[in-house]
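Enquirer: Before anything else, here's the structure in question.
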Amino acid sequence: MLRRCTGKTNESDPTRFEFRNVSEKELGRIGEGKQTEQTAHEAVPFRKICTDRCVLAAWISFVGANPAFLILLLYGPTYLREVLNFDVRSTGYINALPFALCAIYKLVVGKISDRITFVNDKIIYTFWLFTSVLGLIIGYAIMIWTTNRIVAFCAFGFAVITSGLIIMATVKCLTLRCQQHCHFAVGTTSFMSYCVQFILPLCAGFMCPDNSSEQWTRLFVIVTVIVILTNIPFPLLTTQEPADYTKKPSDGKI
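Right, here's the structure in full:
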């Protein structure tokens, strides 16, 4: 505790000045098996990651699908109350139910994915991504065309539950591709999500100023089109193979 308060920490290098009164023989015993040189950290190849087609495809897919999920998350209560006319008391519980089921769904799918060994990882994460995207499209399409509030709520819940795998597929793809540098690639998706959360209120306020059914329908159509277009490159450009910038120069040498 005293060393923490004075800013000093215990060092593994016995040759430092803290051990200047220790004999050479004792220093030898203390230093036996210890590494005195610090391991250099590998620099993150930011430019190579940002120009990697696989990474860009994963980012574009995430940016396209993330607003569709965030609209349900941020504006689900407004849609349920103003458009579907659920009362204020029940809106909170009704809105929370699909997200609770989404968490269970992700847990189950994660367990299943870990046990699948007869296909490669790209097929697995591409399948889960398009399952989520298809669920979003179906849910939004039903909400666009139906006038029955019960059917619309079921479609809302279906879209929320199935969309939970988007982030799982994106993270899996980026982790396999970027390996030891995946913290930057995955962290960038979080930054993108924050940006979307700042922009989304402006778009929702502009598209749905009166919270009418027609205005929300128009917003849902635009979001659906964006989801479709931004996910087309994903199966074409992504790969499960590690990028060249993840390999050390000595990896190819015998």
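Following our numbering, the numbering of the sequence shown begins with 5 at its first residue and continues without gaps. Note that beta-carbon positions come from the ideal geometry of N, C-alpha and C, so glycine has one too.
1) With a Cβ-Cβ cutoff of 7 Å, do Q183 and T250 count as a contact?
2) Determine the DSSP secondary structure at N124, reduced to helix, strand or coil.
3) Count the other C-beta atoms from every protein chain shown that fall within 10 angstroms of the C-beta of S136, then say buried if there are 16 or more, exposed otherwise.
4) Which same chain residues end up closer than 8 Å to V227 when comparing Cβ atoms and leaving out the 5 residues on each side of it in sequence?
5) Can you give me the C-alpha to C-alpha distance between Y129 and L78, rounded to a whole angstrom?
6) Mind the definition here: the segment 173-190 touches the segment 53-62 only if three or more C-beta pairs lie below 8 Å; say whether that holds.
7) What did DSSP end up calling A47 once you bin it into helix, strand or coil?
8) If you draw a straight line from the C-alpha of L169 to the C-alpha of T179, how long is it?
9) Determine, using beta carbons only, whether T126 and Q219 come nearer to each other than 7 Å.
10) In the DSSP assignment, the alpha helix (DSSP H) including H185 goes from what residue to what residue?
Expert: Well, looking at it:
1) In the sequence shown, residue 183 corresponds to position 179, counting from 1. In the sequence shown, residue 250 corresponds to position 246, counting from 1. With respect to T250, Q183 sits close: the two C-beta atoms are nearer than 7 Å.
2) For the purposes of this step, residue 124 is identified with residue 120 of the sequence shown, where counting begins at 1. Coil at N124, not helix or strand.
3) Numbered from 1 along the sequence shown, position 132 holds the residue referred to as residue 136. So S136 counts as buried.
4) Within the sequence shown, numbered from 1, the residue matching residue 227 stands at position 223. A distance below 8 Å between beta-carbons, with the five flanking residues on each side excluded, links V227 to the following residues of its chain, in chain order: P71, A72, I75, Y144.
5) As a position in the sequence shown, residue 129 is number 125, starting the count at 1. As a position in the sequence shown, residue 78 is number 74, starting the count at 1. Computed Cα separation, rounded: 26 Å.
6) These segments touch.
7) On the sequence shown, position 43 is the one that residue 47 refers to. The three-state reading of DSSP puts A47 in coil, since its state is none of H, G, I, E or B.
8) In the sequence shown, the residue the question calls residue 169 occupies position 165. In the sequence shown, the residue the question calls residue 179 occupies position 175. L169 and T179 have their C-alpha atoms roughly 15 Å apart.
9) In the sequence shown, the residue the question calls residue 126 occupies position 122. In the sequence shown, the residue the question calls residue 219 occupies position 215. As written in the sequence, residue 126 is Lys, which differs from the Thr given in the question. Contact: no.
10) Sequence index remark: in the sequence shown, residue 185 carries index 181 (1-based). Here H185 belongs to no alpha helix (DSSP H), and DSSP marks it neither H nor E.
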